[in-house]
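Enquirer: The opening position of the sequence shown corresponds to residue -9 in our numbering, with each subsequent residue numbered one higher.
Virtual Cβ for every residue (Gly too), placed ideally from N, Cα, C.
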Amino acid sequence: MIRTEERRIIQSFEKSNKSLALYLHVPFCEGKCRYCDFYSVKREKELMDTYLAYLKKEIIKYSSAWNSYSEGKSVKIETIYFGGGTPGLLEIEQLQDIINVIKSRFSYPLSGEITIEANPSSLSEEKIIAFKEAGISRISLGVQSFSDKELEFLGRRHNVRESLEIIGLLGKHFDNYSIDLIYAIPGQTLKDWENTLKKAIALGLKHISLYNLQIEEGTALAEALKNNEFQRVHDELDARMYILAREMLIGHGYQHYEISNFAKKGFESIHNRIYWQLKPYLGLGPSAHSFTGSVRYSNFPDISRYISELKNDKLPVNNLHLLQKEDLMAEYIFMGLRLMEGVSLDDFAERFEVELNTRYRDEIEKLAAMGLIEIIDNRMRLTEKGILY
């Protein structure tokens, strides 16, 4: 990336005049799950060491660019999120080193949320304790299912026993942790899904994310589907599973605060809320995406190219797209409607200097007539029907 584009990115961030969420992509895995289409590579110690050295260089390069182009204004990081891949594979010294570099280069609140994704097979009690000592405040655990048969179908490398053991250890050492669950798995019945939900509820989890299985091109599951090795779950059953999950979780005190996310009061994901509210975030590492408030861009989805760009003292940016006002308004509504609280008409007017229900009068009237959205207390949000649409 040439210097003028670096300046454009930094100054675009600066215009937003807001704090940032920071995402760091750790692309290493023990192996590829059958459904996963995220960028990842097999874990190799030498490559991991090299990558982390250049990840630190990217952090420092952004910090230096900010000092050069932002008129001396300090950069405030609101949340840090280690995603992947499997960042839980990092050695504690490696993780601590990255966190130290971030905190030495950017302004970061002492009470800020720092999340790391992990799999049950990548954790132990010793590592959980070490994560906490390193400053991790939240762990997102890729459980995916409480059925060994379903885990095998998904290509996961842990079993139910390991999940339960690690969840117990997380509850012992962390207040804030979450699990991911996948539903609409081929062969999964409504009763199977109900049993998984019952186990999750019985564990007293503070946060649960639910995702219906998406079969993406280029994955092992997509190839198996082409070979007629299984059939997709029907849309009707998929919807019934989602409805059941909402009823059970809300009935046990969880707040359904976003389409796919449920939490006990005070345990919502602060980092992900920044995405849904279309606030700025900086993504580091191969394939990571960033949003400045008006510019959206991503890094090269290739670790070799990523390292090569930084080795040549360039930001590893693959593409950059300037969003027009119309694009931003549409994204703001689309992302905001994922939240159960919906979109504030006042906030929309302040941000875009136009009234939402004036600019989109026809669309709102049509969707309201279909029973998909409603406006209450000056907020536009999805109805029960709209959530399922």
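#1: Please state the DSSP three-state secondary structure of Leu80.
#2: To test your reading of the DSSP string, which unbroken alpha helix (DSSP H) runs of 4 or more residues are found completely within the stretch 256 to 312?
#3: What are the start and end residues of the beta strand (DSSP E) that includes Asp170?
#4: Strictly by DSSP, which residues pair up with His197?
#5: How long is the line joining the alpha carbons of Ile70 and Leu357, rounded to whole angstroms?
#6: Which two residues bound the contiguous beta strand (DSSP E) that contains Phe72?
#7: In three-state DSSP terms, what is Glu364?
#8: List the endpoints of the continuous alpha helix (DSSP H) containing Tyr232.
#9: Three-state secondary structure (DSSP) at Ser9?
#10: Does the beta-carbon of Tyr271 have 16 or more other beta-carbons within 10 angstroms, so that it is buried, or is it exposed?
#11: Give the DSSP bridge partners of Gln245, in chain order.
#12: DSSP has Met370 in a bridge; who is on the other side?
#13: Tell me the rounded alpha-carbon separation between Asp87 and Tyr287.
#14: With distances taken between CB atoms, is the gap from Arg147 to Ser111 smaller than 8 Å?
#15: Pull up the distance between the alpha-carbon of Tyr29 and that of Arg369, whole angstroms please.
#16: Residue range of the beta strand (DSSP E) that Val133 falls in?
#17: Using a threshold of 7 Å, is the CB atom of Ile119 nearer than that to any non-hydrogen atom of the ligand SAH?
#18: From the DSSP secondary-structure annotation, give me the bridge partner or partners of Lys32.
Expert: Working from what's here:
#1: When secondary structure is reduced to three states using DSSP, Leu80 falls in the coil class, being assigned neither helix nor strand.
#2: Complete alpha helix (DSSP H) runs here, min 4: 260 to 266 and 293 to 301.
#3: Taken as a continuous stretch (DSSP letters only), the beta strand (DSSP E) holding Asp170 covers Tyr167 to Tyr173.
#4: For His197, the beta-bridge partners assigned by DSSP are Ser168 and Ala253.
#5: Spanning the two alpha carbons is a distance of roughly 37 Å.
#6: Segment Ile67 to Gly74, the beta strand (DSSP E) holding Phe72.
#7: Three-state result, Glu364: strand.
#8: Counted as a single uninterrupted DSSP element, the alpha helix (DSSP H) harbouring Tyr232 occupies residues Asp225 to Gly241.
#9: Coil at Ser9, not helix or strand.
#10: Under this definition Tyr271 is a buried residue.
#11: In the DSSP output, where bridge partners are listed per residue, Gln245 has Ala253.
#12: DSSP output for Met370 lists Val333 and Ile365 as bridge partner(s).
#13: For the pair Asp87 and Tyr287, the Cα-to-Cα distance works out to about 26 Å.
#14: Taking C-beta atoms as the reference points, Arg147 and Ser111 count as a pair closer than 8 Å.
#15: The alpha-carbon atoms of Tyr29 and Arg369 are separated by roughly 37 Å.
#16: Arg128 to Gln134 is the extent of the beta strand (DSSP E) around Val133.
#17: Ligands are entirely absent from the displayed structure, and the ligand SAH is therefore not among its contents.
#18: Note: Lys32 sits in a beta bridge opposite Cys19.
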